[in-house]
Amino acid sequence: MNEHVLEMIELELAILIRRTTSISSHKKFGNLDRSAYLLLHQIISNGAAGVKALAGEFQLDISTVSRQTAALEQKGYVYRIPDPLDGRAYSLQITELGKKEYTENKRERLTRIVEVLESWSEEESKVFGDLLKKFNQCAIQEQ
Numbered sequence: 001m002n003e004h005v006l007e008m009i010e011l012e013l014a015i016l017i018r019r020t021t022s023i024s025s026h027k028k029f030g031n032l033d034r035s036a037y038l039l040l041h042q043i044i045s046n047g048a049a050g051v052k053a054l055a056g057e058f059q060l061d062i063s064t065v066s067r068q069t070a071a072l073e074q075k076g077y078v079y080r081i082p083d084p085l086d087g088r089a090y091s092l093q094i095t096e097l098g099k100k101e102y103t104e105n106k107r108e109r110l111t112r113i114v115e116v117l118e119s120w121s122e123e124e125s126k127v128f129g130d131l132l133k134k135f136n137q138c139a140i141q142e143q
């Protein structure tokens with residue numbers, strides 16, 4: 001790959017991550033940080049899940065996801081469902097409060113993205129989304 005292109009991609013990714021983190025941590029985006037948002041999204045999209053499954057999905061240590069889900073549970077966004085076959089195991093399900101917080105946060109994020117992409121054509125937005133998805137899927141396969 002052309003070194004100039006590679007350096008441009010690396011720099012633009014660093015800027016994108018910085019801006020995305022800045023946007024999502026801004027006060028107007030509610031009480032969800034990036035990890036909480038992604039965990040709630042995973043549970044909403046795929047149903048109740050255990051810490052081990054969530055850790056596998058995000059390729060994180062179980063201890064990291066356990067701390068993150070404990071914080072979600074403490075805020076009342078998720079609750080534990082005991083495993084009937086293994087008294088030590090449990091799955092996490094989202095609460096109504098968790099759904100509400102997630103939905104509001106997602107709406108605010110989407111509003112901000114619409115503002116940023118306001119001057120883009122529908123085709124440019126679709127290509128950008130498709131390429132981001134492709135990049136993320138390749139990055140997961142490489143880990």
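Each residue of the sequence shown is one higher than the one before, starting from 1 at the first, in UniProt numbering.
Note that beta-carbon positions come from the ideal geometry of N, C-alpha and C, so glycine has one too.
Give every residue of the same chain whose Cβ lies closer than 8 Å to the Cβ of residue i, excluding the five residues on either side of it in the sequence, and list them in chain order.
i: residue 36; result: 68, 71, 72 and 77
So residue i and residue j are supposed to be a Cβ contact under 8 Å. How far apart are they, rounded?
i: residue 42; j: residue 49; result: 7 Å
i: residue 44; j: residue 90; result: Not quite, the Cβ-Cβ distance comes to about 18 Å (not below 8 Å), so this is no contact.
Measuring straight from C-alpha to C-alpha, what distance separates residue i and residue j?
i: residue 122; j: residue 84; result: 49 Å
i: residue 11; j: residue 119; result: 23 Å
i: residue 9; j: residue 131; result: 12 Å
i: residue 134; j: residue 126; result: 12 Å
i: residue 92; j: residue 129; result: 30 Å
i: residue 96; j: residue 13; result: 35 Å
i: residue 115; j: residue 82; result: 43 Å
i: residue 5; j: residue 107; result: 34 Å
i: residue 139; j: residue 113; result: 23 Å
i: residue 40; j: residue 57; result: 13 Å
Ignore the nearest five residues each way along the sequence and tell me which others in residue i's own chain have a CB closer than 6 Å to its CB.
i: residue 65; result: 51, 54 and 55
i: residue 80; result: 90
i: residue 99; result: none
Under the three-state reduction of DSSP, which class applies to residue i: helix, strand or coil?
i: residue 70; result: helix
i: residue 102; result: helix
i: residue 31; result: coil
i: residue 87; result: coil
i: residue 125; result: helix
For the beta strand (DSSP E) containing residue i, list its first residue and its last residue.
i: residue 92; result: 90-94
i: residue 79; result: 78-82
Quick check on the DSSP output: the alpha helix (DSSP H) that includes residue i runs from which residue to which?
i: residue 37; result: 34-46
i: residue 54; result: 51-58
Using a Cβ-Cβ cutoff of less than 7 Å, which residues in the same chain neighbour residue i once the five nearest sequence positions on both sides are dropped?
i: residue 117; result: 125
i: residue 62; result: 51, 52 and 55
Does the beta carbon of residue i fall short of 6 Å from some heavy atom of the ligand SAM?
i: residue 55; result: Summarising the ligand content, the structure contains no ligands, and the ligand SAM is consequently not present.
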